[in-house]
Structures are given as C-alpha cells and as structure tokens.
Amino acid sequence: MPLQRIDPKHYQAFQALLEEFCGIVLGPNKQYLVSSRLNKLMREYGLGSLGELVDRLNQPGNVELRGKVVDQMTTNETQWFRDEYPFSVLKNTIFPQFMDSGTRNVKIWSAACSTGQEPYSISMAIDEFRSSVSGGALFDGTIIGTDISPTVLEQAKNGIYQSSAISRGLSPERRNRFFERNGDGSWCVSKDIKSRVSFKNFNLLESYSLLGRFDIIFCRNVLIYFSSDLRAQIIGGMTRILNKGGYLVLGSSESLGIHSKSYEFVKYNAGVIYKLKDD
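Our numbering puts the sequence shown at residues 20 to 298.
Right, dumping it as structure tokens:
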C-alpha cells in the first residue's frame, strides 16, 4: 500500500533533498509517485512517514539510505540502439572522420547509462564499422558508462539480459552476432563487445575532471530532469572535457541552451548532433 497522505512541508523538504543529492527536480503534485516508489524502502527502514524519512536523511552517516532513495527515484528507461539515428551517424559519418584524421581509438562517455544498453550499443556500432571498411581493424574505441544508481550499474557490468529486455530495440541479427544464449534463457553480451566498455558510479553534479577527456559524449534524455541552471552546469562541464571537434549527443527534446555558441549544429534526417568548434 502507498504511504498515507504526505504533508506538504515534508514533500517540499524531500524535493529539496533530492535535488541536493542528484540534481533531479521533482515537480509539484508528484506525491503519489514518491509514495509508490519509496513505500517498500520505508517499510524496510521502519519509517512511517515521509517526514521521518527526511529526518533520517538529514542525519550524518546515512550514505547507504541516500543511495537507495536516489536509486528508487531515478528513471531507468532505456533500450538498444534507442532512436537508431545516432548510431547510424556514428558509423556513417563520425567514425570515418576520426579514422581519416588518424585517430585510431575514440574515447566515448555514455552518461546516465542505466543498465548498459547504450554503451553496449555504441560498442556494437564500433564493431559493425570495423568490419565494413577497409583497414577497419586498425580503428577501435574505449567507452565508459556512468550512472548514479549502483543497482543498474551492477546489471550493466554483468551484461546479462532477459529476453524481454533483449527484444527492445535489438534485431535478431544483432542479437545472434553480439550475444550468447545462457542455459536459463537469458542473453549475455559477448566478450568482444564488453571488452571496450567499463562502468563507473558517477553523479552528474560532481567534478568531471577525473573522468578524462572524450571525443564523443552521449547524454540523452537526462537533462530534462534537471533545472535550467543545472542543465547549463552539466553541459558546461561536458564541454570542458570534450576534445575540440568532438561530438555531443543529446536527446531529441534537449538543447544546448547558453552553450550553443560553442558548437556547430550538424543536422541529419532524423535529428541533430552537436560538434564542438575548433576555435
């Protein structure tokens, strides 16, 4: 059963804490969402109201509880080759450009990667490009997937998916080429595809300097959950670690905002990808 009616002052306090923890802006009238997502966790901790949860979260030494709250409140909607066109652009335009310029190993960041479908899809796109062009064996990539949720990252690292998850966006041809069937009916990402990808627990509000520098950054369908100020902060941080001439891939409903002058808008039939200017 969902929690009892939430006191408005407790809801506002929880909104502020959630934004502080991970930047997510929880809008008004989302009390039922909070109740349904946190009900089981609160029973586990013996908490009877959202106010008690807020009090507990404000106490020192509750890192584990904070992590679990963020885990429950974040949306982990994803699929293989989501929207398709960014991956086609990688293979048909971006990878050839890097290869022609002499870059043999592109560095790619998949931010808010959830259970791993996006970074693994990028790795498959690299494999498909390598096998489609002369000299492709000399080209490769290194991919890091990050997320704030330890739970989804654990599944991503395992690279094991049930048939219901495999069917979302993955063709039978790709499934048979890049996955191995387990005895229980699940599917495991092949070693070659996994070898390019590593995963890290990371909050987009943290400093990006320790992540290194990148040629391509995917940050799709994430910024919509942040305030305009935090969106600008996140894009600014990504811009600083993106190599000149590198590419930033956002979701179809997301934009660069105040950072648009730093990028060229590269339009394709199905959408736009942003290229960092050289100057």
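From the three backbone atoms N, C-alpha and C, an ideal C-beta is built for every residue, glycine too.
- Query: Where does the unbroken alpha helix (DSSP H) through Asn77 begin, and where does it stop?
  - Reply: The residue labelled residue 77 in the question sits at position 58 within the sequence shown. That residue, Asn77, is in no alpha helix (DSSP H); it is neither H nor E in DSSP.
- Query: Using a Cβ-Cβ cut-off of 7 Å (strictly less than) and excluding sequence neighbours within five positions of Ile99, which residues of its own chain qualify?
  - Reply: For the purposes of this step, residue 99 is identified with residue 80 of the sequence shown, where counting begins at 1. In the sequence under discussion, the amino acid at residue 99 is Trp, which differs from the Ile named in the question. Once the five neighbours on either side are set aside, the close Cβ partners of Trp99 are Gln136, Ser140, Arg187, Gly188 and Leu189.
- Which residues bound the alpha helix (DSSP H) around Asp297? Residue 297 sits at position 278 when you count from the first residue of the sequence shown. Unbroken run through Asp297: none, as it is neither H nor E.
- Query: Just how far apart, CA to CA, sit Phe284 and Gln34?
  - Reply: Sequence index remark: in the sequence shown, residue 284 carries index 265 (1-based). Sequence index remark: in the sequence shown, residue 34 carries index 15 (1-based). Near 35 Å, if we compare the C-alpha coordinates of Gln34 and Phe284.
- Message: According to DSSP, Asp26 sits in a beta bridge with which residue or residues?
- Response: The residue you call residue 26 lines up with position 7 of the sequence shown. For Asp26, which the question treats as bridged, DSSP gives no partner whatsoever.
- Rounded to the nearest angstrom, how far is the Cβ of Arg123 from that of Asp159, given a contact under 8 Å? Position 104 of the sequence shown, counting from 1, holds the residue named residue 123. Position 140 of the sequence shown, counting from 1, holds the residue named residue 159. So it is a contact: roughly 7 Å between Cβ atoms.
- Report buried or exposed for Asp248, applying the criterion of at least 16 other Cβ atoms within 10 angstroms of its Cβ. Translated into the one-based positions of the sequence shown, residue 248 becomes position 229. With fewer than 16 other Cβ atoms within 10 Å, it is exposed.
- Please check the pair Val82 and Leu57, which I expect to be a contact at CB under 8 Å, by giving their CB distance rounded to whole angstroms. Counting from one through the sequence shown, the residue named residue 82 turns up at place 63. Counting from one through the sequence shown, the residue named residue 57 turns up at place 38. Between Leu57 and Val82 the Cβ distance is about 17 Å, and since that is not below 8 Å, they are no contact.
- Message: Quick check: what's the CA-CA separation for Leu60 versus Lys126?
- Response: Mapped onto the sequence shown, residue 60 falls at position 41. Mapped onto the sequence shown, residue 126 falls at position 107. Each residue's alpha carbon lies about 38 Å from the other.
- Message: Using the three-state DSSP reduction, which class does Asn220 fall into: helix, strand or coil?
- Response: Within the sequence shown, the letter at position 201 stands for residue 220. Looking at Asn220 - three-state DSSP - the assignment turns out to be strand.
- Message: Can you look up Glu225 in the DSSP assignment and give me helix, strand or coil?
- Response: Translated into the one-based positions of the sequence shown, residue 225 becomes position 206. Here Glu225 sits in coil by DSSP.
- Message: Using C-beta distances below 8 Å, list every residue in its chain close to Pro169, excluding the 5 sequence neighbours before and after it, in chain order.
- Response: What you label residue 169 is simply residue 150 of the sequence shown in a count that begins at 1. Within the same chain, Pro169 has close Cβ partners Gly86, Asp90 and Asn220.
- Query: Quick one: is Ala144 buried, meaning 16 or more other Cβ sit within 10 Å of its Cβ, or exposed?
  - Reply: On the sequence shown, position 125 is the one that residue 144 refers to. Burial call: buried.
- At 4 residues or longer, and completely inside the stretch 98 to 140: list those alpha helix (DSSP H) runs for me, N to C. 104 to 108 and 114 to 119
- Query: For Cys238, which option in Arg149, Gly164 and Ser150 has the closest C-alpha, if you only look at C-alpha atoms?
  - Reply: Along the sequence shown, read from residue 1 onward, the residue named residue 238 stands at position 219. Comparing Cα-Cα distances from Cys238 to each of Arg149, Gly164 and Ser150, the minimum goes to Gly164.
- DSSP three-state call for Asp234: helix, strand or coil? What you label residue 234 is simply residue 215 of the sequence shown in a count that begins at 1. Here Asp234 sits in strand by DSSP.
- Item | DSSP state of Thr93 mapped onto helix, strand, coil | On the sequence shown, residue 93 is found 74 positions in, with the first residue counted as 1. The answer is coil: DSSP assigns Thr93 none of H, G, I, E or B.
- Between Asn240 and the ligand ZN, is the CB less than 7 Å from at least one heavy atom? The ligand ZN is not among the ligands present in this structure, which contains no ligands whatsoever.
- Task: State the start and end residues of the unbroken beta strand (DSSP E) segment that holds Ile163.
- Result: Locating residue 163 in the sequence shown gives position 144, counting from the first residue. Run containing Ile163: Asp159 to Asp166, per the beta strand (DSSP E) assignment.
- Message: Just verifying my parser: in three-state terms, what is the DSSP assignment at Arg200?
- Response: The residue you call residue 200 lines up with position 181 of the sequence shown. Looking at Arg200 - three-state DSSP - the assignment turns out to be strand.
- Message: According to DSSP, is Leu267 part of a helix, a strand, or is it coil?
- Response: For the purposes of this step, residue 267 is taken as residue 248 along the sequence shown, with counting starting at 1. The answer is strand: DSSP assigns Leu267 an E or B state.
- Task: Measure from the alpha carbon of Ala251 to the alpha carbon of each residue in Lys296, Phe233, Leu230 and Leu224, then state which is nearest.
- Result: Taking the sequence shown and counting its residues from 1, the one referred to as residue 251 is at position 232. Measuring from the Cα of Ala251, the nearest candidate turns out to be Leu224.
- Locate the beta strand (DSSP E) running through Glu283, then write down its first and last residues. The residue labelled residue 283 in the question sits at position 264 within the sequence shown. Per DSSP, Glu283 belongs to the beta strand (DSSP E) from Tyr282 to Tyr287.
- Just mark Ile243 as buried or exposed, buried being the case when its beta carbon has 16 or more other beta carbons within 10 Å. As a working mapping, residue 243 is identified with position 224 in the sequence shown. Exposed, by the Cβ-count rule.
- Query: Is it right to say Asn14 is buried, meaning 16 or more other beta carbons lie within 10 angstroms of its own, or is it exposed?
  - Reply: In the structure as shown, the chain starts at 20 and stops at 298, and residue 14 therefore has no counterpart that could be examined.
- Task: Label Ile235 either buried or exposed according to how many other C-beta atoms from any shown protein chain fall within 10 Å of its C-beta, with 16 as the threshold for buried.
- Result: As a first step, residue 235 must be located in the sequence shown, where it is residue number 216. It is buried - the Cβ of Ile235 has at least 16 other Cβ atoms within 10 Å.
- Under the DSSP definition of a beta bridge, which residues are partnered with Cys207? Translated into positions along the sequence shown, residue 207 becomes position 188. Ile179 and Glu199, per the DSSP bridge assignment.
- Beta-carbon proximity list for Gly255, same chain, < 7 Å, skipping 5 on both sides: As a position in the sequence shown, residue 255 is number 236, starting the count at 1. Only His278 meet the Cβ criterion.
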